[in-house]
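Trainee: Going by the UniProt record's numbering, the letters in the sequence shown line up with residues 1 to 357, in that order. For each residue, glycine too, the CB sits at the ideal point set by N, CA and C. What follows is a structure written as structure tokens; I'll ask about it next.
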Amino acid sequence: MDIKDTIKRVSVSGMAQASIKELLIGTKAAPSEAPANTDVNSDADTGKRKRRFPPAKDLFLQLFPGIDLRRPLDPNAPKPTMVKPSTLECFQSKLKKPEVKFPAEAREIIDEIKARRKARSCGASFNKTGSLDMKNLVCTPAKPPKDGVFQIRTPEGVPVLYVEYEDGKMHGVQKKFLGGVLSEIAYYKNGKLHGEMRSYNNGVCVRKFTYKEGSLNGPMVQYGKGGEPIMKTNFLNNQQHGICVVYTQGYMICRTSFVKGKKQGMMRAFYPPHDPNEHQKVSKEIFYLADLMEGPSYTYYPSGKKYMEENFLKNLKTGPCIEYFETGNVRKISMYENNKLVKRPEEYDYYGKKITT
């Protein structure tokens, strides 16, 4: 998540400098878990191990999840190239455009570059080797306390991160800021996310999650620029589970059911209404079984009349595919097997007469 105008170069004491160095060179905490307490120093006299509380590095690295900023970019790495997919036959061509996909190796490089841009937007700098320079942070206190509040600020006092601790673990509220404006608020319980998490863009809530003991459990809502909901769904143990509804301009355009992260049952897409009082018409019906299209699928004209009937077997078009005129007369009959056309289509004119060529 972007954090702007947050970190600037300041001079720090030797002890603070060492703590700040720890902040950026340690191992990143696992997603949705608090940094674990680490016992690293032994007492030779007593044989007991001294307790060290979570280093601040893990908190900062949460601002750039999934990317290792300590590793310099490889100058010999291949440059990312965009690979455009073939033309997609989608039922909502005006609403859904083909996406540009990247090869896996290029995606990794692109993510690394984006993460470094985020770091620079915070005021962070990189040394000659390309590694992140961690000497610019202002931490209060120098490292997370056992009990109390840990904060990262700019020299001018603009907040970057605010975290509450209890017994050496994140417990209570955590706030992230972008240019001094709240960008995310979350709640922790015994080191794990617990409760509602909200993300903001220029003061407007754009995403809302519900966590329970570190896992996504409960409703999730995504909002548009104007604050209107554009997607509502539910999660169970980090997997999408239940009804998922997608909106555009305040109108429902898709309704799907999920079971343990997989589409299950009937998916219906809708035409946006021309009149606010008009009842929305179904544009597409697809049946899913364990995330795969299975059985008959129907496409409809805006009038509600049937346009096409297809059949699927484990996500592959199989059997007859029939297209209709809006009058109900057959327009074309095609035969498929494993997504391949196996028979020359039979075509008919508007009045039902077979077209011969």
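#1: Going by DSSP in three states, Q280 sits in which element: helix, strand or coil?
#2: By a C-beta neighbour count over all protein chains shown, 10 Å radius and 16 as the cutoff for buried, is N41 buried or exposed?
#3: Is there contact here, the segment 310–319 with the segment 283–299, by at least three beta-carbon pairs under 8 Å?
#4: Consult DSSP for P296 and reduce its assignment to one of helix, strand or coil.
#5: Considering only residues of the same chain and omitting the five flanking positions on each side of G195, which have a CB-CB separation below 7 Å?
#6: Could you spell out the range, first to last residue, of the beta strand (DSSP E) harbouring P159?
#7: Please report the distance separating the alpha-carbon of N202 from that of I355.
#8: Please state the DSSP three-state secondary structure of N311.
#9: From the DSSP output, in three-state form, read off L137 for me.
#10: For K340, which of K317, D349, E347 has the nearest alpha-carbon?
#11: Report the partner residues of A186 according to the DSSP bridge assignment.
#12: G168: buried (16+ other C-beta within 10 angstroms of its C-beta) or exposed?
#13: Just to confirm the assignment, what range does the beta strand (DSSP E) spanning K208 have?
#14: Per the DSSP calculation, V246 is bridged to which residue(s)?
#15: Excluding five sequence neighbours on each side, which residues of the same chain lie with their C-beta closer than 8 Å to the C-beta of V342?
#16: Counting along the chain, where does the beta strand (DSSP E) carrying I196 start and finish?
#17: Drop a sphere of 10 angstroms on the beta-carbon of T327, count the other beta-carbons inside from all chains shown, and report buried for 16 or more, exposed for fewer.
#18: Would you tell me roughly how many angstroms separate the C-alpha atoms of Y351 and K281, rounded to the nearest one?
#19: Just confirm the distance between the C-beta atoms of Y251 and P229, as a whole number of angstroms; I'd bet it's less than 8 Å.
#20: Considering Cα atoms alone, identify which of N238, Q239, Y165 is closest to D147.
#21: Can Y162 and S183 be called in contact, C-beta distance under 9 Å?
#22: Looking at F270: is its Cβ nearer than 9 Å to the Cβ of T233?
#23: Taking the C-alpha atoms as reference points, what is the distance between R331 and D275?
#24: Once DSSP output is grouped into helix, strand and coil, what is the label at Y223?
#25: Determine the extent of the beta strand (DSSP E) in which A269 is found, giving its start and end residues.
#26: Assuming E326 is part of the beta strand (DSSP E), what are its boundary residues?
#27: What does the Cβ neighbour count give for M266, buried or exposed, with the cut at 16 atoms within 10 Å?
#28: Going by beta carbon distance, what residues of the same chain come within less than 7 Å of G304, once the five residues before and after it are set aside?
Mentor: Quick answer:
#1: coil
#2: Its pLDDT being 41, under 50, N41 is placed unreliably by the model, and nothing is read from it.
#3: yes
#4: The answer is strand: DSSP assigns P296 an E or B state.
#5: Y187, Y211
#6: 159–166
#7: 60 Å
#8: strand
#9: coil
#10: K317
#11: Q174
#12: Flag for G168 reads buried.
#13: In this chain, the beta strand (DSSP E) harbouring K208 covers 204–212.
#14: M231, C254
#15: For V342, where only same-chain residues beyond five positions count, the Cβ hits under 8 Å are M335, Y336.
#16: Reading off the sequence, residue 196 comes out as Glu, not Ile. Going by DSSP, E196 is part of the beta strand (DSSP E) stretching over 195–201.
#17: exposed
#18: Their backbone Cα atoms lie some 26 Å apart in a straight line.
#19: Not confirmed; about 11 Å, so no contact.
#20: Of the candidates N238, Q239, Y165, the one whose C-alpha sits nearest the C-alpha of D147 is Y165.
#21: no
#22: For F270 and T233, no; Cβs fall outside 9 Å.
#23: 30 Å
#24: strand
#25: 265–270
#26: Here E326 belongs to no beta strand (DSSP E), and DSSP marks it neither H nor E.
#27: exposed
#28: K281
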